[in-house]
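Residue numbers (UniProt numbering): 1 to 117.
Built from N, CA and C at the ideal position, the CB exists for glycine as well.
First up is the structure itself, then whatever we jot down about it.
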Amino acid sequence: LEQAKFNLVNHYLLVGINEQMRKFISLLELLLPQFFDGALEHFDTLDAKHAHLRSTKKKIPPLESTLERVRSDKIYTMEREFYDFAVEQFENVWKRTHDESGEVFLPQQFHYEKIKP
């Protein structure tokens, strides 16, 4: 689990969350514009046409006994902890690149000044 967290932080520019797909695409467009320019606009046009594909029409909730059994599983608890960590990392990137209203806010990352010999 610790190795997975380390890898997420050190080897991936960004890991998205399904529940926040629009924010994820927005960040990709911001961080890698040469590859994702226009991706958010394209996603928004797909959203209207294919919204029915992203939701379950007849969702049957699981029994409480089933939920308890899943929650007590060691592998599930580790996966859940990793998922929560990934969500936290995603939110941190969002907060560093956007203000409270959701507008892009990238503070100057570097300061260049001339050095005279």
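Among the options, whose alpha-carbon lies nearest the alpha-carbon of residue i?
i: Glu19; options: Gln3, Ser72 and Val87; result: Val87
i: Ile25; options: Asp44, Asn10, His11 and Tyr12; result: Asp44
i: His42; options: Gln3, Met21, Ile115 and Ser101; result: Met21
i: Leu63; options: His11, Phe82 and Arg71; result: Arg71
i: residue 126; options: His11, Asp73 and Lys58; result: In this structure the chain extends from 1 to 117, so residue 126 is not present and cannot be described.
Measure the CB-CB distance between residue i and residue j and report whether it falls below 8 angstroms.
i: Met78; j: Leu8; result: no
i: Leu40; j: Leu14; result: no
i: Gly38; j: Phe90; result: no
i: Thr97; j: Phe105; result: yes
With a cut-off of 8 angstroms on the beta carbons, I'd call residue i and residue j a contact; round off their distance for me.
i: Asp94; j: Lys5; result: Note that residue 94 is Trp in the sequence shown, not Asp. Actually they are not in contact, since the Cβ atoms of Trp94 and Lys5 sit about 19 angstroms apart, beyond 8 angstroms.
i: Phe36; j: Leu46; result: Phe36 to Leu46, Cβ: 14 angstroms. No contact.
Quiz item: Which full runs of the alpha helix (DSSP H) of 4+ residues lie inside the segment 53-111, going along the chain?
Solution: Whole alpha helix (DSSP H) segments, 4+ residues: 64-71 and 74-97.
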